[in-house]
Structure formats: structure tokens, C-alpha cells
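In what follows, a single structure is set out as C-alpha cells and then discussed.
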Amino acid sequence: MDTYNIVIDDSMILNVINTDMSESLDLISMQMFLYIGFLGVAPSFVIYKTKIKYRGAKRELLSKLKLLSLTLLTIISIIVIFGDFYASFFREHKSLRYYANPTFYIYSAIKFIRGNEAEAATALTIVGEDARIAATDEDRELVIFVLGETARADRFSLNGYKKETNPLLKKENVISFTNFWSCGTSTAASVPCIFSIFNEQDYSDSKARHTENLLDVLTHAGVNVLWLDNNSDSKGVALRVPYVDYKTTKTNPVCDTECRDEGMLSHLQDYIKKHDKGDIFIVLHQMGNHGPAYYKRYTKEFESFKPTCNTNQLESCSKEEIDNTYDNAILYTDYFLSKVIKLLKENDETFETAMFYVSDHGESLGENGIYLHGMPKFIAPEEQLHVPSIMWFGNNFHNSNISNLTNKKNNTYSHDNVFHTALGLMEMETENYINTLDIINTN
Ligand SMILES: [Zn+2]
């Protein structure tokens, strides 16, 4: 909390449950050990070693009661005298309770456990069993959905960022949506929400876990669905579809200090060739700009902006160094997305091809002393919620509405639009499809 200015709410506890070794190691530092040692272990040891003389139960109880009543009296008089001030103060600063230690994280932990208990009893609700490919659709679809990580809309030069962070994508015929908003501020919160049928008002994490998602609907219609993951995992979204972990050298041929996003593309052409019937929908879950060790997220040739911040101790770097490092990782995503487009182009003859990219959430880079992400949504700064989203279409993509997309690039969209837009891209017919939420098929 002190280093990254985060709060420990129930969704942060969800993150803790969902994390893995490499993600946790990125957060651990020498400073953290010193901090815990000097301010935690050392004082605890002193207290432990202090000899306490008890004066007998009766006297102890009496003196505790005295202290307690004095404290209560003080609190009551403060409330009576300054009541109006505190009432409006807490109303104006609701977020204060998130910082109250240790009560808030104890409260959050109980809330999290209760939520999980209630959900354990619920069965899975089937969605879109009626889904089928439109009869008018004769061509095969090949759609790659790139699920980005921790990318900020304002760091894409396609959206007007002053540094050139999209040198490769700008050469492609892409549409960049400038006004796209995430449903959560962390991977564990956003990913299930992106693929969920529920819109933001109806959504809850436990409902999502007990309801089939976009990938299930596509599967019902006979689409070949595949999830490749170079992030933590699919957060429960890909439980019922083929899934391959690319964080290991066993599957990913492009690994140096860590396995790279582009490794997910290495066997895709074989996969596409092998599946010679039906539509194909592939999700690529990126490592992207996952922090705080941004410098680990790209190789040397992407170190264009210097000086960089080569530590996970963000507060020890200058704002310029943090920005440069973060932007270099955006450059790597620019490269990765251009490689996805290249792969789709190679299959343009046989398929109607499209790429749909959207990040799961944004990132705070030290604005107002806040770092990383995961703030409760209603107090989260814009940087954590405003995400980049990009579409690209192959020459044979049959939808006259795509020519109109450039006019919609500044419209307000959110992760709520993903479910229905993906169904639209795949030309799905199902009672669950809501035309007005499909970015492509509405005006
Ligand atoms: Zn994330």
C-alpha cells in the first residue's frame, strides 16, 4: 500500500488468490524486506521480549474498563462537538475507509470468502445454445481477439500520443477507438467481464463464473475456439475450450529472460491449416505492459525511449524513466499486433479475417503518487480505465458497415461491447445478440 498506493479491497484479494510466482516476484524488493524487518519484525520482537507484570485479574480488569470508558467518552464528545464536520467529511471522502488499517482488509477478506461460499452452491447457466452461423455466411471466418494487458489508450500514438509508439500499426489500415473504457481495474476483474454476456450494471464476478461466456456461445455454434495464454491464465473464461499455456519454453519458442507474446504465433499457422472446416476464433492473452517491471516486457531492440527504469521500485525512478520504459513495452505490443495482422494477411485468401484488440485495464504511472492498477472502480483514476482498442479487417471481410467504422472511432465504447461485437464479427445468430451493442453493426 505504501509503495504503490493501492488499497486492499475484495478485488485485490481476488488478485492475490489468482496470482502466480513470476507475478509476485516482480513485486518483491530489498526495500520491502527492510520495511517489514524494521517496522514489523523488530518492534514485534521488542514487545515479545518485554516482561509484563500483571497485577491480578480484578485490578487489570478495572484499569482496562477505566481506559475504555475514557476512550469512549472522548469519542462521544468529539462526535457531539464536531459531528457535522465528520459527517460531511466522510461523505466527501468515501475512499478513506479503503485506507483504514487493519479493519478494511479484514472486512474485504470476509466479504470475499462470503461471496465464494454463496457461489459454490450455484450451477452453470448455459448461454446461447441456439447460436448458429448465419445462413447467408458462406465464407469461413478467422478472427483473432487480442486480449491486451495494462495498456493505456493515451500511450498509443494512433490516439494522438506525442511519442511514436505505433510505428508499425500506423502503416496498416487499422481503426483505433479512442474512447474505450474497461469494466474493471485488474486482470482478474476485467477478463471474465470482457467475455461475459452481462453488461456492467448486471455483472458480478460470481455470476460470471456460473454463466457461460462468449467462447461457450461460439462453441455451441460449432466454431473452433482456441485460447493461447502468455499472461497468468484465462481467469476461468477458457475452462471449457482448448487452452495452451505459452509462459513455458515447452510451448513457446520465443523465450529469453521471459517468454514473449510473439511466441503465441509460432504454431498458429499449423493450427489454422489443421482445422480445415468451420470458423476459427482465437484469443491471444498478452503479457503486454504488465508492471511494475516494465523493463522486462520487451527485448533490447525495443528500447527506443531512454533513459529507462530498470527496477520494480518505480518510486526510485524519475517520471521520465518510468514513462520511457512503459512506452517501450507499448512499442513491443505495436510489433506484436503487426505480426498478428501479418499472419491474418497470409490467410486472407481462404478466410474472412479480422483482428480485434482491447486491453484489460490501464495503469497509473505515478500520477498523484499512484502506481499500477486495481483501484476500486469508482475511485479509480482515468489512467486505469481508459484502454486502447484496435480493429483490422482483411480484404475479403464481408460487412459493408466496416467502411463506416472510421466515423465511429471517437464514440464511447466499453468492454460491454465486446461480447456482441465478437458475435457480429463471427456472423452469429442467437437470441443473446444485441445489435445496439455491436460496434460494427450499429450506426
Ligand atoms: Zn491486467
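To convert, count from 1 in the sequence shown and add 5; that's this note's numbering. For glycine and all other residues, C-beta sits at the position ideal for the given N, C-alpha and C.
By Cβ distance below 8 Å, which residues in the same chain neighbour residue i in space, the five residues on each side in sequence not counted?
i, result
"residue 400", "353"
"residue 421", "188, 204, 205, 442"
"residue 132", "202, 216, 217, 218, 221, 222, 437"
"residue 267", "259, 340, 341, 344"
"residue 324", "370, 371"
Apart from the five residues just before and just after residue i, which ones in its own chain have a Cβ nearer than 7 Å to its Cβ?
i, result
"residue 10", "374, 375, 376"
"residue 402", "357, 358, 359"
"residue 458", "Past the boundaries of the shown model lies residue 458; the chain is included only from 6 to 448, so the question cannot be answered."
"residue 14", "103, 113, 381"
"residue 407", "398, 445"
"residue 296", "155, 368, 377"
Roughly how many whole angstroms lie between the Cα atoms of residue i and residue j?
i, j, result
"residue 215", "residue 405", "36 Å"
"residue 265", "residue 257", "8 Å"
"residue 163", "residue 413", "15 Å"
"residue 66", "residue 59", "11 Å"
"residue 370", "residue 71", "49 Å"
"residue 127", "residue 192", "24 Å"
"residue 382", "residue 103", "12 Å"
"residue 110", "residue 319", "24 Å"
"residue 426", "residue 366", "19 Å"
"residue 181", "residue 278", "30 Å"
"residue 270", "residue 287", "11 Å"
"residue 143", "residue 440", "21 Å"
"residue 168", "residue 242", "35 Å"
"residue 23", "residue 130", "23 Å"
"residue 87", "residue 74", "20 Å"
"residue 262", "residue 119", "40 Å"
"residue 316", "residue 80", "45 Å"
"residue 179", "residue 394", "10 Å"
Which whole-angstrom value is the C-beta distance of residue i and residue j, which I expect to be below 8 Å?
i, j, result
"residue 450", "residue 388", "Only positions 6 to 448 of the chain appear in the structure, and residue 450 is not among them; the question remains open."
"residue 153", "residue 338", "7 Å"
"residue 434", "residue 139", "5 Å"
"residue 368", "residue 155", "5 Å"
"residue 208", "residue 233", "About 25 Å; that fails the 8 Å criterion."
Taking only three categories from DSSP, how would you classify residue i?
i, result
"residue 381", "coil"
"residue 37", "helix"
"residue 260", "strand"
"residue 444", "coil"
"residue 6", "coil"
"residue 303", "coil"
"residue 431", "coil"
"residue 225", "helix"
"residue 137", "strand"
"residue 418", "strand"
"residue 438", "coil"
"residue 145", "strand"
Less than 6 Å between C-beta atoms, sequence neighbours within five positions excluded: which residues of the same chain meet that for residue i?
i, result
"residue 8", "none"
"residue 31", "298, 317"
Fully enclosed by the segment 334 to 395, which beta strand (DSSP E) runs are 3 residues long or longer? You should have 356 to 364.
Start-end ranges of the alpha helix (DSSP H) lying completely within the segment 159 to 218, minimum 4 residues: Counting only runs of 4 or more, we get 192 to 200, 210 to 214.
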